[in-house]
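Top line first, the protein sequences correspond to chains X and E. If you're matching positions, the first sequence starts at 1 in my numbering and goes up one per residue. If you're matching positions, the second sequence starts at 1001 in my numbering and goes up one per residue. Report on one structure; see the data block that follows.
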Amino acid sequence: MLNYIFRRLLALIPVLLIVSLTIFLLIHLVPGDPAAAMLGENATQEQIDALHTAMGLDLPLPLQYLRWMGRLLRGDLGTSYFMKGTVNEILRDHMVPTLQQTAVAVAFAALVGVPLGMIAAVHRGRAADRLISGFSTVGVSMPSFLMGLGLVLLFSVKLRLLPSSGYKEIAVAGWRTHMRYMLLPGIALGFIEMGLIIRMTRSAVLEILSADYMRMARSKGVSRVRLFLKHALKNALIGILTVVGLSFISCLGGAAVTETIFNIPGIGKLTLNAVMRRDYEVVQAVVLVVSLLNVVCTLILDLFFAMIDPRIRLQ
Amino acid sequence: MGEKILEVHNLTTRFATERGEVTAVQGISFHVDRGEILGLVGESGCGKSVTSQSILRLYDERRDVRYEGEIRFEGRNLLALPEKKMRSVRGGEIAMVFQDSLSSLDPLFTCADQIMESILIHRKISRAKARAEAVEMLRLVGIPDPEKRADQYPHELSGGMRQRVMIACALSCRPKLLIADEPTTALDVTIQAQIMELIRDLNEKLNMGVILITHDLAVVSEMCTRVAVMYLGQIVEEADVVTLFEHPLHPYTQGLLRSIPTVKGGKREELSVIEGTVPPLDRIPEGCRFRPRCPNASPLCSGQMPGLKPVGEGHRVRCFLCGGEEKEARS
Ligand SMILES: Nc1ncnc2c1ncn2[C@@H]1O[C@H](COP(=O)(O)OP(=O)(O)OP(=O)(O)O)[C@@H](O)[C@H]1O
Ligand SMILES: [Mg+2]
């Protein structure tokens, strides 16, 4: 197992290099000039050039990349061209609401999706299965902005149960208030993922229910309940957790929409603004951090899978 | 004759499928004596596995399957047993070994775990004791270094080893009947012989009845005391092994026997195969089910289904023509 972990960590190095290089190139090769944007329409060419030099944008690209990497390795994400504070601070402030929202979304998607998927699989072909499968199709095809607006209309405007938008920090407003604000955006964000999780759980469990080892276990006298809890769930876990992990990543990416609808100061809105203004440092940092989260999430899942499945440890 | 431990009477197994109900096994009757090895043979798709899995009621009764008839095991009708009682029969009194050992063992549990599972279900003993027994079972089925193997996972073992582990699982609670459904088809010839040897050995040692399902007649001739030949969900002939091999009556049995390669007088005999294939269950022929493929078929055969008639001591056959001849010869 330790051996496996070590190999996995080692394999991360080239991945991270490629990720950083891709991000850097994508951003620097896309047309647009942050200096020109900063100085406004009336700036002279001299002013722009001077700012380029100050920002290091006149250097050849490889050198810019190396400087960026050098800073990254020291944990310094740079400074925004437009916003106050270092990118580290900006990112931290905006990351928190997004992560909180994503956590609510994934929790909702998994807590609803996994049990429903299992119920559908166990009742394959019956009314319950059809109902749940229909529900998951609706979930998968519902865009999150529509879902968000629908939720607001129902829970805020009509029932007046939950606030329609805004963000309250836990430290300032407390858990309850924080959650009241997070619930609707979280559900809107997680709804598509819930649909996907239902589907994947259903097919993972279905496949395992008809596996030969299930029949073998039954022939040994294992009860249906134990059969499901011990053999089916453990075997289905890998498939299910893979989708849940993926849903975490895509929620991070999809947060921009719900953050806009619900007016949450998260990473999605930050990125939108930064892209508009060609705020390279911020955009680079955001994409990098999200990719890192992605890599870490995958790594954690893989290590977990290796823990439950002996065949993975061997590879 | 020994004491019958399993008696199947008129067992019919029907499956609900998307295209309607199909009858995979149609009114079969046979018995197994204590300590004997009964061979169940027939081409692929003739219902051998369905028969064996019906005995343990492994199909989903709430959804897929409908059984009729009677399966008497030590006096009880298994088909009428409540699920809870049935569970104690499964693995405890009747155990089963399946064809594919790689897919039949749960990949996420060690060998010891899987053997202990049955032990812990059927016997009130501690985990430590159960583990010791599991290791002992591994030794019994001839696995070298059982202490080490016990903690390995199925994918770490060879096919023959895995099959032995599956047999160890099956035998761990000393069942009175073992159903082995093509236990060696996935293995190479030497390993196949070893596994068969093992089954016969344990059959003698534990005085356990065995239903051996196979389509290898050579194996049957070496292992079994009696044989039932199945075709398309029915038993077409049943006899002790000597009679069946020396005086096969049903044309299907004769065809099967002719398809065994033999070398006589240094000359290889021409291999014959039975014409045609087993039809699917939704196109079962009228009258005798074997008629479309039968070399001796007469008009009589298409009108009515022949019954399984006794033609001699423990010899039954389902054919108008052979049964008739026998009768004529007698009268
Ligand atoms: N669960 C099921 N639902 C519907 N039909 C089934 C089911 N299981 C088996 N059958 C059908 O029953 C028939 C007999 O199948 P069975 O598996 O018993 O054959 P077999 O004699 O064991 O063949 P083989 O030698 O290939 O194992 C086949 O036509 C098969 O399609
Ligand atoms: Mg079979």
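Positions of the beta carbon are idealized from the N, C-alpha and C atoms, including for glycine. Please read these numbers as outputs of a predicted model, since none were measured by experiment.
| Check | Outcome |
| --- | --- |
| Is residue 97 of chain X helix, strand or coil when you go by DSSP? | helix |
| Once the 5 residues before and after residue 1184 of chain E are set aside, which same chain residues still bring their CB inside 6 Å of it? | 1192 and 1195 |
| Is there a C-beta anywhere in chain E that falls below 8 Å from the one on residue 218 of chain X? | yes |
| Would you kindly work out how many angstroms separate the C-alpha atoms of residue 41 of chain X and residue 290 of chain X, rounded to a whole number? | 33 Å |
| Going by DSSP, name the residue or residues bridged to residue 1310 of chain E. | E:1316 |
| Who are residue 306 of chain X's beta bridge partners in DSSP? | Residue 306 of chain X pairs with nothing; no bridge assigned. |
| Could you tell me which whole beta strand (DSSP E) segments of length 3 or greater appear in the region 1117-1200 of chain E? | 1177-1181 |
| Say whether chain X places a C-beta atom closer than 8 Å to the C-beta of residue 1058 of chain E. | yes |
| Sorted by chain position, which residues of the same chain lie with C-beta nearer than 7 Å to residue 1304 of chain E's C-beta, five sequence neighbours on each side aside? | 1287 |
| When we look at the beta-carbon of residue 247 of chain X and count the other beta-carbons within 10 Å, is it buried (16 or more) or exposed? | buried |
| Quick one: list the residues of chain E neighbouring residue 221 of chain X, beta-carbon separation under 8 Å, in chain order. | 1087, 1088, 1089, 1090, 1091, 1092, 1118, 1121 and 1122 |
| Is the Cβ-Cβ distance between residue 1137 of chain E and residue 1177 of chain E less than 8 Å? | no |
| Does residue 1169 of chain E get closer than 8 Å to chain X when you measure Cβ to Cβ? | yes |
| With 8 Å set as the bound, which would you pick, yes or no: does the beta-carbon of residue 1145 of chain E sit closer than that to a beta-carbon of chain X? | no |
| Between residue 1007 of chain E and residue 1055 of chain E, what straight-line distance do the alpha-carbon atoms span, to the nearest angstrom? | 10 Å |
| Using the beta-carbon of each residue, which ones in chain E are nearer than 8 Å to residue 308 of chain X? | 1108 |
| With three or more beta-carbon pairs closer than 8 Å as the criterion, would you say the region 82-91 of chain X touches the region 159-175 of chain X? | no |
| Which residues of chain E have a Cβ atom closer than 7 Å to the Cβ of residue 212 of chain X, listed in chain order? | 1098, 1100, 1103 and 1104 |
| Applying a beta-carbon distance threshold of less than 8 Å, which residues of chain X neighbour residue 1067 of chain E? | None at all; the shortest Cβ gap to chain X is about 16 Å. |
| With distances taken between CB atoms, is the gap from residue 1049 of chain E to residue 1181 of chain E smaller than 8 Å? | yes |
| Would you say residue 52 of chain X and residue 37 of chain X are within 8 Å of each other, going by their C-beta atoms? | no |
| Let's test the definition: count the other Cβ atoms within 10 Å of the Cβ of residue 254 of chain X and tell me whether it reaches 16, buried, or not, exposed. | buried |
| Strictly under 8 Å for the Cβ-Cβ distance: is residue 311 of chain X near chain E by that measure? | yes |
| Between the region 1003-1022 of chain E and the region 59-66 of chain X, can you find at least three pairs of beta-carbon atoms closer than 8 Å? | no |
| Taking the continuous alpha helix (DSSP H) assigned at residue 1009 of chain E, which residues delimit it? | First-last for residue 1009 of chain E: 1004-1017, but that is the beta strand (DSSP E), not the alpha helix (DSSP H). |
| When the cut-off is 8 Å and only beta carbons count, does residue 227 of chain X lie next to chain E? | no |
| Listed in chain order, which residues of the region 1294-1327 of chain E have Cβ atoms closer than 9 Å to some Cβ of chain X? | none |
| Residue 1214 of chain E to residue 252 of chain X, Cα distance in whole Å? | 56 Å |
| Considering only C-alpha positions, which residue in the set X:238, X:196 and X:71 is nearest to residue 138 of chain X? | X:196 |
| Got a sec: is the Cβ-Cβ distance from residue 234 of chain X to anything in chain E below 8 Å? | yes |
| Taking residue 281 of chain X and residue 65 of chain X to be in contact with their CB atoms under 8 Å, please state how far apart those CB atoms are, rounded to whole angstroms. | Contact flag wrong, Cβ pair sits at about 13 Å. |
| Quick check: what's the CA-CA separation for residue 278 of chain X versus residue 32 of chain X? | 7 Å |
| Using the three-state DSSP reduction, which class does residue 43 of chain X fall into: helix, strand or coil? | coil |
| Leaving out the 5 sequence neighbours to the left and right, which residues in its chain are closer than 7 Å to residue 1328 of chain E when beta-carbon positions are compared? | With a pLDDT of 42 at residue 1328 of chain E, under the threshold of 50, the predicted position of this residue should be treated as unreliable, and no value is reported. |
| CB-CB under 6 Å to residue 1077 of chain E, same chain, minus the five flanking residues each way: which ones, in chain order? | 1070 |
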